[in-house]
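Q: Sending over a structure as structure tokens; questions will come in a sec.
Number of protein chains: 2
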Amino acid sequence: MVKGKPRERRKDERPAEILQAAVDEFAEKGFANAKIQSIATRAGVAKGTVYLYYTTKEEIFEAIVRDRIQPVFAMAAAMSQQWEGSQADLLRQIITHFYGQMIENDERRMILKTLISEGDRFSELAEFYHREVLVGGRKMLRELIRKGIESGEFRDGLYAKEPMVLVAPAIHAAIWKMTFDSVEKLNTRRWLAAHLEMILQGVLSQSSS
Amino acid sequence: MVKGKPRERRKDERPAEILQAAVDEFAEKGFANAKIQSIATRAGVAKGTVYLYYTTKEEIFEAIVRDRIQPVFAMAAAMSQQWEGSQADLLRQIITHFYGQMIENDERRMILKTLISEGDRFSELAEFYHREVLVGGRKMLRELIRKGIESGEFRDGLYAKEPMVLVAPAIHAAIWKMTFDSVEKLNTRRWLAAHLEMILQGVLSQSSS
DNA sequence: TCGACAACTGACCGCCGGGTCATTAACTAG
DNA sequence: CTAGTTAATGACCCGGCGGTCAGTTGTCGA
């Protein structure tokens with residue numbers, strides 16, 4: 006550590022390396038407390054070098070979202086495209102996938118947190134996220150529900166118009182983990198099970214009106 | 006505005022005035038971007054005066070939480086105490102109350118946002134909130150569910166162990182409003198209706214297993 | 001009327017971190 | 001080998017804001 010290693014010129018690899026370092030730093034410190042200097046150090050690079058590839062801290066964050074979040078949803082979309090079984094099982098699969106990829110994954114959860122925290126500061130990013138992720142995800146859910154209703158598997162109802170309610174408890178789980186996990190650990194597995202059971206069966210007993 | 010108004014000495018009123026000014030400032034700018042100077046100005050006071058009553062920015066925020074959030078939950082608790090009708094209706098009432106007080110109210114939604122954003126920085130605050138609000142709220146829900154199951158109104162299930170899943174979609178609504186409302190307005194009324202319908206009836210058709 | 005006390009003020013301090021840029025060193029073509 | 005190009009460096013600059021405190025002014029009791 007004492008002697009400075011010789012400089013290396015690796016224009017092509019730098020962006021990805023810096024991005025990874027930034028993900029680590031952001032995940033550990035949050036956006037506001039992340040220091041560019043620290044990102045640089047993690048990437049084995051000088052501060053100035055970071056600015057060779059990204060012009061602001063915000064831009065780094067945007068790159069992370071584009072690079073790490075979209076794939077999760079693309080994956081889910083692909084899954085539902087070629088699904089053979091019941092729609093209820095597909096819904097279970099997708100939501101479970103979502104918990105694994107977004108809630109239990111530190112990197113991605115932190116991205117979510119930053120999106121919430123700094124939402125206003127990045128209006129274009131919020132737009133991007135909305136367009137690419139939320140609209141797409143909602144469309145997928147609508148399709149899933151439509152098929153389920155058609156086949157008689159699901160009942161029709163208001164949820165078909167607001168399909169995101171089905172996924173909403175996952176967000177709560179993410180927030181709990183971000184905010185209160187040090188006070189009381191969330192049992193993610195149990196929460197997920199309760200979530201799935203609830204949206205599928207509801208709470209009323211069969212005999213009720 | 007040009008001439009300085011004469012100083013006023015009002016030791017008793019200051020804290021509340023400053024708190025209100027802080028709520029406004031935080032709601033408008035968020036915690037990180039809120040300036041003490043600006044809070045002081047809103048309160049019609051000099052910066053130094055703020056520090057006469059609160060020693061740090063954090064402390065101001067904590068005071069806000071104590072002062073503004075607890076009442077909402079106390080209210081709900083009181084409501085459920087003396088409820089006469091069905092548990093399903095009580096649940097509807099409570100959740101509706103919650104949307105009105107927390108999601109549609111700018112001040113309180115901002116408090117929630119700050120809690121999420123700055124959660125780590127305020128571990129004691131997270132503890133306080135957890136202890137006073139979440140644990141209490143959960144206990145109330147458990148009791149409600151217990152009664153409902155006893156009377157045959159509700160089925161038993163995993164949700165009884167994780168009662169917060171019932172309320173979770175409200176958090177999603179809050180976050181949507183905080184982050185994406187400028188891109189696409191949330192129809193809160195419809196969301197609430199879908200939420201209630203979903204948790205009560207679920208998604209499966211009656212004929213399903 | 002006049003201390004003396006406490007509320008109030010706002011100029012100032014110090015730190016911190018994002019972003020710059022003159023300099024240096026690695027690579028490359030000829 | 002050399003000159004030109006460009007990646008990489010890190011000392012420095014600078015603006016902003018949280019927090020301080022010596023000084024000022026209102027208030028009240030004697």
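One line per chain: the protein sequences are Y and A, in this order.
The working numbering applies: residue 6 is where the first sequence begins, and numbers increase by one.
The working numbering applies: residue 6 is where the second sequence begins, and numbers increase by one.
For every residue, glycine included, the Cβ atom is placed at its ideal position computed from N, Cα and C.
Check residue 204 of chain A in the structure and name its three-state DSSP category.
A: helix
Q: With a Cβ-Cβ cutoff of 7 Å, do residue 86 of chain Y and residue 158 of chain Y count as a contact?
A: Contact flag unset, no.
Q: Counting only Cβ pairs nearer than 8 Å, list the residues of chain A close to residue 182 of chain Y.
A: Under the 8 Å cutoff, chain A gives no residues; its nearest Cβ is about 10 Å from residue 182 of chain Y.
Q: Report the option in Y:15, Y:49 and Y:177 whose CA atom is closest to the CA atom of residue 25 of chain Y.
A: Y:49
Q: Taking 7 Å as the CB-CB limit, is residue 203 of chain A close to chain Y?
A: Interface residue (Cβ-Cβ distance to chain Y less than 7 Å): residue 203 of chain A is classified as such.
Q: Which two residues bound the contiguous alpha helix (DSSP H) that contains residue 134 of chain A?
A: 128 to 134
Q: Could you check if residue 134 of chain Y is buried or exposed, using at least 16 other CB atoms within 10 Å of its CB as the buried criterion?
A: buried
Q: Taking beta-carbon pairs under 8 Å, can you tell me which members of the stretch 18 to 49 of chain Y lie near chain A?
A: Across the stretch 18 to 49 of chain Y, CB contacts with chain A closer than 8 Å involve 35 and 37, in sequence order along the chain.
Q: Which residue spans inside the stretch 8 to 53 of chain A form an unbroken alpha helix (DSSP H) run of at least 4?
A: 19 to 38 and 41 to 47
Q: For residue 36 of chain A, which residues of its own chain have a beta-carbon under 6 Å away from its beta-carbon, when the five flanking residues on both sides are left out?
A: 119 and 123
Q: DSSP beta-bridge partners for residue 209 of chain A?
A: Looking at the DSSP assignment, residue 209 of chain A forms a beta bridge with Y:159.
Q: List the endpoints of the continuous alpha helix (DSSP H) containing residue 165 of chain A.
A: Premise fails: residue 165 of chain A is in no alpha helix (DSSP H) and is neither H nor E.
Q: By Cβ distance below 8 Å, which residues in the same chain neighbour residue 75 of chain Y in space, the five residues on each side in sequence not counted?
A: 137 and 138
Q: Relative to the alpha-carbon of residue 69 of chain Y, which residue among Y:102, Y:16 and Y:30 has its alpha-carbon at the smallest distance?
A: Y:30
Q: Where does residue 98 of chain Y sit, in a helix, a strand or coil, going by DSSP?
A: helix
Q: When burial is assigned at 16 or more other CB atoms within 10 Å of the CB, is residue 179 of chain A buried or exposed?
A: By the neighbour-count rule (16 or more Cβ atoms within 10 Å), residue 179 of chain A is buried.
Q: Looking at residue 205 of chain A and residue 188 of chain Y, is the spacing between their C-beta atoms short of 7 Å?
A: no
Q: Express the C-alpha separation of residue 131 of chain A and residue 112 of chain A in angstroms, rounding to a whole number.
A: 18 Å
Q: Please list the partners that residue 200 of chain A has in chain Y, where partner means a Cβ-to-Cβ separation under 7 Å.
A: 170
Q: Could you work out which residue in Y:115, Y:191 and Y:181 is closest to residue 27 of chain Y when comparing CA atoms only?
A: Y:115
Q: For a contact defined as C-beta to C-beta under 7 Å, what are the partners of residue 2 of chain A on chain Y?
A: Residue coverage of chain A in this structure runs from 6 to 214, which leaves residue 2 of chain A outside it and unanswerable.
Q: Flag residue 122 of chain Y as yes if its beta-carbon sits less than 7 Å from any beta-carbon of chain A, otherwise no.
A: Taking 7 Å as the CB threshold, residue 122 of chain Y lines the interface with chain A.
Q: Within a Cβ cutoff of 8 Å, which residues of the same chain sit near residue 60 of chain Y, ignoring the five residues on either side of it in sequence?
A: none
Q: For residue 71 of chain Y, I'd like the list of residues in its chain whose CB is within less than 8 Å of its CB, leaving aside the five on either flank, ordered along the chain.
A: 133
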